[in-house]
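Residue numbers (UniProt numbering): 1 to 108. Glycine included, C-beta positions come from ideal geometry on N, C-alpha and C.
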């Protein structure tokens, strides 16, 4: 566990002096969160240490998102993603269209 989990925004000091606090901040650990959002809220979520790769993103879509979707014209039949390079997997698009799920990318 690192020492950067919470920071106070207010503190106490003598009148006319700044409140100071010494902290240790670790810059080399980060997490990425990938949510799948539907009209009723989140229906899938993945958290990884570091960044998502094309393979980890594709695995999330194939194992967590597509199984919870339905074919057209039912609810959850359209998969909308932004234009990030990592989102443009032809394998994901092919599997979705095979399952009669419409894939749309947001405009630039």
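Which partner residues of residue i appear in the DSSP bridge assignment?
i, result
"residue 34", "46"
"residue 103", "79"
So for residue i, helix, strand or coil by DSSP?
i, result
"residue 29", "coil"
"residue 58", "helix"
"residue 15", "coil"
Determine the closest residue to residue i out of the options, with distance taken between C-alpha atoms.
i, options, result
"residue 74", "62, 99, 91 and 81", "99"
"residue 69", "17, 15, 43 and 50", "43"
"residue 48", "41, 60 and 37", "60"
"residue 84", "12, 104 and 19", "104"
For a quick check, are the C-beta atoms of residue i and residue j less than 7 Å apart?
i, j, result
"residue 101", "residue 77", "yes"
"residue 32", "residue 58", "no"
"residue 66", "residue 82", "no"
"residue 79", "residue 96", "yes"
"residue 34", "residue 46", "yes"
"residue 86", "residue 54", "yes"
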